[in-house]
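Comments concern the structure below.
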Amino acid sequence: MIDAKNPKESLIVNTDQVMINDLNNYNTLFGGVLMKKLDNNATLSARRHARVKECVTASTDSIDFLHPIHQTDSVCVESFVSYTGNKSMEIFCKVIAEDMLTGERRMAATAFLTFVALDENKQPIKVPEIIPETEEEKFLYESGKERAEIRRQRRKHSKELTEKIGIRKPWERGVKMHDQEIS
């Protein structure tokens, strides 16, 4: 396995048009449609970086919707590995909307997703480190350790939360009626 790679080696660029069935009631792109595009792109970046058959989404760390995307826009999603741990890869995604009538381009969204590469037995494997080159890559890499720590804290909190919240079906939970619990 190669010890380190440049982020550009994992770059995936995908441009698509906005179709009418992709629009919400505000005539802008559904957030969920964009989230699917982000996950698809990020998966390919992770697989390209790790050179494995399978990578799984460990978390969608953040998606910031900055500007609405309209039907007259094209949607360009760029993704690449911005930071790595031992067995995880942080993928940075940026979404550029371009008005196809005027040519105006704007940053519509940014996102960070974390992936884990799996071997043929579906076990996590070590991934190559990255060596950033551009100013953008260096900025993302240098701030990556802080985002990784935030992810660890959020994951710890999520585990604590799952110990406190119930998974019983709503109709199986006890219901209070007139100060008596009915099961």
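In terms of UniProt numbering, the sequence shown opens at residue 1 and continues consecutively.
Just so it is clear, CB atoms sit at the ideal spot from N, CA and C, and this is done for glycine as well.
Since the model is a prediction, treat every value here as computed from it, not as a measurement.
If we ignore side chains and look at the alpha-carbon of each, how far apart do residue i and residue j end up?
| i | j | result |
| --- | --- | --- |
| lysine 145 | asparagine 14 | 28 Å |
| residue 240 | methionine 107 | The chain is shown from 1 up to 183; residue 240 falls before or after that span and cannot be answered. |
| methionine 100 | glutamate 163 | 50 Å |
| isoleucine 20 | serine 82 | 33 Å |
| lysine 122 | threonine 57 | 13 Å |
| lysine 8 | arginine 173 | 52 Å |
| threonine 72 | glutamate 149 | 39 Å |
Could you tell me if residue i is buried or exposed, where buried requires 16 or more neighbouring beta carbons within 10 angstroms of its beta carbon?
| i | result |
| --- | --- |
| glutamate 90 | buried |
| aspartate 119 | exposed |
| arginine 152 | exposed |
| leucine 113 | buried |
Report all residues from its chain with a CB closer than 8 Å to the CB of residue i; omit the five preceding and five following residues, and keep chain order.
| i | result |
| --- | --- |
| proline 128 | Met1, Ile2, Asp3, Ala4, Lys5, His49, Ala50, Thr84 |
| aspartate 64 | Ala109, Thr110, Ala111 |
| residue 195 | Residue 195 lies beyond the range of the chain shown here (1 to 183); nothing can be said about it. |
| serine 74 | Thr15, Asp16, Gln17, Val18, Ala97, Glu98, Met100 |
On the three-state DSSP scale, how would you describe residue i?
| i | result |
| --- | --- |
| methionine 89 | strand |
| threonine 15 | strand |
| phenylalanine 139 | helix |
| isoleucine 131 | coil |
Name the DSSP beta bridge partners of residue i, please?
| i | result |
| --- | --- |
| phenylalanine 80 | Phe92 |
| arginine 47 | Bridge partners of arginine 47: none, in fact. |
| proline 124 | Leu118 |
Less than 7 Å between C-beta atoms, sequence neighbours within five positions excluded: which residues of the same chain meet that for residue i?
| i | result |
| --- | --- |
| aspartate 22 | Leu29, Phe30, Val33 |
| residue 191 | Absent from the model: residue 191. The displayed extent of the chain is 1 to 183, so no value can be given. |
Can you name, in chain order, every residue of its own chain whose Cβ lies under 6 Å from the Cβ of residue i, other than the five neighbours on each side?
| i | result |
| --- | --- |
| leucine 140 | Ser82, Phe92 |
| asparagine 24 | Phe30 |
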